[in-house]
């Protein structure tokens, strides 16, 4: 089959050392089954906020696998008018260019963005192609969550067409896929129907951690800095929802203990966080790390933290990353992650921005070695059972492949 993957917010597999996320792993699974894949992406790097390609580009990754990078305007902040405009332009470009391309047998489109998902489903309906919507986030609802209660009705009216697009997209898609249960339920509410055979939850997951000892200068520095320390790690964006500042406050409160905090990544809040670390010698901000460096850091870490500044129902990529390394997770997210942490005893939940509770969670894991070892064993069992990406995406590929082939046979 010829398969289109439509996803504009992930790192692209065009350089070595890139950490594979959901779409890259799905593409690999389809390629291994003999299918060809075209990934519709953005020419702009969502994480690093810089251009990957200076112009619209079709890039051949390898045999039967290409990327078509669409050009928007770029943006500096995740929640911004410029991002909204960027995504709208990309959806228009997809609509125009896709109409001149050879037709696929199957389309899987991610949300966000909702306007691009709308165009992909419209294209599929027009041409008799099965389209699955892979829900990663609840757009445009997320915009309303950032506003005071009194403004939400007004903004919802202003964005009435965007909410219409989401409703139509969910209703007309051939199947809804989601990276957690609460998002699948969200999509079904918009679709106005109950769960069908075509609808499934597939957690983001992560590939089992593979470690190859390295002797480069950066790696030696990292090992020397963290040797003998109980390392608490954050890996990800520094942004409105994902702001690791709370860990800097923990570092300040726990400066006398044998603890070290590593906050890896970057983004619009990086300078703000960096400023807060002034005078602290138990915090390291290494910036964005390549896959090999992330693996090294995880090998030296004891705990992974998933902070959020607001009540949010989300299951972030970083949680699966920590779990793949056997690290207990301390998280302030609601929903599936909170429930699994509680039920399977793989870490702790703390309320958003509550420094004292977070300090207490870290303290329990640091001071009770027997408790820590038991919890880490739970993490490894849960990862093998639920979050191994190889298993998840093999099932994912089989699920959509079966439905697409049945649709093709019935024509």
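Residue numbers (the working numbering): 199 to 609. Every residue gets a Cβ at the ideal spot worked out from N, C-alpha and C, and that includes glycine.
Alpha carbon to alpha carbon, how far is residue 216 from residue 488? Give it in angstroms, no decimals. Taking the first residue of the chain shown as position 1, residue 488 is located at position 290. Taking the first residue of the chain shown as position 1, residue 216 is located at position 18. Spanning the two alpha carbons is a distance of roughly 6 Å.
Measure from the alpha carbon of residue 444 to the alpha carbon of each residue in 407, 285, 553, then state which is nearest. For the purposes of this step, residue 444 is taken as the residue at position 246 of the chain shown. Among 407, 285, 553, the Cα nearest to that of residue 444 is on 553.
C-alpha gap between residue 335 and residue 319, whole angstroms: Translated into the one-based positions of the chain shown, residue 335 becomes position 137. Translated into the one-based positions of the chain shown, residue 319 becomes position 121. The straight-line gap from Cα to Cα measures roughly 17 Å.
Sort 291, 523, 531 by Cα distance to residue 508 and report the nearest one. On the chain shown, residue 508 is found 310 positions in, with the first residue counted as 1. Answer by Cα proximity: 531.
Where DSSP assigns a beta bridge to residue 504, which residues make up the other side? Here residue 504 refers to the residue found at position 306 of the chain shown. Partner(s): 529.
In three-state DSSP terms, what is residue 482? Sequence index remark: in the chain shown, residue 482 carries index 284 (1-based). Of the three classes helix, strand and coil, the one that applies to residue 482 here is strand, per DSSP.
Hey, residue 458 and residue 503: beta-carbon distance below 8 Å or not? Here residue 458 corresponds to residue number 260 of the chain shown, with the count starting at 1. Here residue 503 corresponds to residue number 305 of the chain shown, with the count starting at 1. Not closer than 8 Å, so no.
Pick out whichever of 442, 289, 282 has its Cα sitting closest to the Cα of residue 341. Position 143 of the chain shown, counting from 1, holds the residue named residue 341. Considering only alpha carbons, the answer is 282.
According to DSSP, what are the bridge partners of residue 463? Residue numbering aside, residue 463 sits at position 265 when the chain shown is read from its first letter. According to DSSP, residue 463 bridges with 434.
Does the separation of the CB atoms of residue 533 and residue 378 fall below 8 Å? Numbered from its first residue, the chain shown carries residue 533 at position 335. Numbered from its first residue, the chain shown carries residue 378 at position 180. A contact, by the Cβ cut-off of 8 Å.
Just checking, does the segment 223-241 make contact with the segment 587-598 on the three C-beta pairs under 8 Å criterion? yes
Alpha helix (DSSP H) containing residue 256: first to last residue? Within the chain shown, numbered from 1, the residue matching residue 256 stands at position 58. Careful: residue 256 lies outside any alpha helix (DSSP H), inside the beta strand (DSSP E) at 255-260.
So, at 6 Å on beta carbons, what are the nonlocal neighbours of residue 397 in its own chain, with the 5 sequence-adjacent residues on each side left out? Here residue 397 refers to the residue found at position 199 when the chain shown is read from its first residue. These residues qualify, in order along the chain: 373, 374.
Per DSSP, residue 266 forms a beta bridge with which residues? Within the chain shown, residue 266 is the residue found at index 68, counting from 1. Per DSSP, 238, 256.
Where does residue 299 fall in DSSP's three states? For the purposes of this step, residue 299 is taken as the residue at position 101 of the chain shown. It is coil, neither helix nor strand.
Whose CA, out of 569, 442, 206, 338, lies closest to the CA of residue 289? Here residue 289 corresponds to residue number 91 of the chain shown, with the count starting at 1. Cα-wise, what sits closest to residue 289 is 206.
Between residue 517 and residue 495, is the Cβ-Cβ spacing less than 8 Å? As a working note, residue 517 is residue 319 in the chain shown. As a working note, residue 495 is residue 297 in the chain shown. Contact: no.
Do residue 199 and residue 284 have their beta-carbon atoms positioned less than 8 Å apart in this structure? In the chain shown, the residue the question calls residue 284 occupies position 86. In the chain shown, the residue the question calls residue 199 occupies position 1. Going by C-beta atoms, residue 284 is not nearer than 8 Å to residue 199.
For the segment 315-394, list the beta strand (DSSP E) runs that are entirely contained and at least 3 residues long, ordered along the chain. 329-333, 373-376
Label residue 499 either buried or exposed according to how many other C-beta atoms from any shown protein chain fall within 10 Å of its C-beta, with 16 as the threshold for buried. Working through the chain shown from its first residue, we reach residue 499 at position 301. Looking at its Cβ environment, which holds 16 or more other Cβ atoms inside 10 Å, residue 499 is buried.
Is it buried or exposed, residue 505, if we count other Cβ atoms within 10 angstroms and call 16 or more buried? To locate residue 505, count along the chain shown from 1; it is residue 307. Residue 505 is buried by the Cβ-count criterion.
Indicate the three-state DSSP secondary structure (helix, strand or coil) for residue 406 in the structure shown. Counting from 1 along the chain shown, the entry for residue 406 is found at position 208. If DSSP states are grouped into helix, strand and coil, residue 406 belongs with coil.
Between which two residues does the alpha helix (DSSP H) holding residue 573 run? Stepping through the chain shown from its first residue, residue 573 is reached at position 375. Segment 567-580, the alpha helix (DSSP H) holding residue 573.
Can you tell me whether residue 210 is helix, strand or coil according to DSSP? Indexing the chain shown from 1 puts residue 210 at position 12. DSSP places residue 210 in coil when its eight states are reduced to three.
Whole-Å CB distance - residue 401 paired with residue 585, under 8 Å assumed: Numbered from 1 along the chain shown, position 203 holds the residue referred to as residue 401. Numbered from 1 along the chain shown, position 387 holds the residue referred to as residue 585. Sure, about 6 Å apart at Cβ, within 8 Å.
To the nearest angstrom, report how far apart residue 278 and residue 567 are at their CA atoms. Here residue 278 corresponds to residue number 80 of the chain shown, with the count starting at 1. Here residue 567 corresponds to residue number 369 of the chain shown, with the count starting at 1. Taking the straight line joining both Cα atoms gives about 45 Å.
Quick one, are the C-beta atoms of residue 270 and residue 250 less than 8 Å apart? Within the chain shown, numbered from 1, the residue matching residue 270 stands at position 72. Within the chain shown, numbered from 1, the residue matching residue 250 stands at position 52. No, they are not a contact pair.
Please report how far the alpha carbon of residue 485 lies from the alpha carbon of residue 306, in whole angstroms. Indexing the chain shown from 1 puts residue 485 at position 287. Indexing the chain shown from 1 puts residue 306 at position 108. Residue 485 and residue 306: Cα-Cα distance of roughly 32 Å.
So what's residue 490 in DSSP terms, helix, strand or just coil? Counting from one through the chain shown, the residue named residue 490 turns up at place 292. Three-state DSSP puts residue 490 in a helix.
Spatial neighbours of residue 465 in its chain, beta-carbon cut-off 7 Å, leaving aside the 5 residues before and after: Locating residue 465 in the chain shown gives position 267, counting from the first residue. Here the set comprises 435, 436, 437.
Bridge partner(s) assigned by DSSP for residue 308: Along the chain shown, read from residue 1 onward, the residue named residue 308 stands at position 110. Residue 308 pairs with 332.
Roughly how many angstroms lie between the CA atoms of residue 243 and residue 256, to the nearest whole one? Numbered from its first residue, the chain shown carries residue 243 at position 45. Numbered from its first residue, the chain shown carries residue 256 at position 58. Roughly 16 Å separates the two Cα atoms.
Please state the DSSP three-state secondary structure of residue 439. Counted from its first residue, the chain shown places residue 439 at position 241. It is coil, neither helix nor strand.
For residue 576, which residues from the same chain have a beta carbon less than 7 Å from its beta carbon, with the 5 sequence-adjacent residues on both sides left out? Looking up residue 576 in the chain shown gives position 378. Correct list, in chain order: 542, 543, 544.
How many Å lie between residue 549 and residue 263 at the Cα? Position 351 of the chain shown holds residue 549. Position 65 of the chain shown holds residue 263. Roughly 43 Å between the two C-alpha positions.
Closest to residue 380 by C-alpha separation, out of 227, 510, 597, would be which residue? Along the chain shown, read from residue 1 onward, the residue named residue 380 stands at position 182. Closest by alpha carbon: 510.
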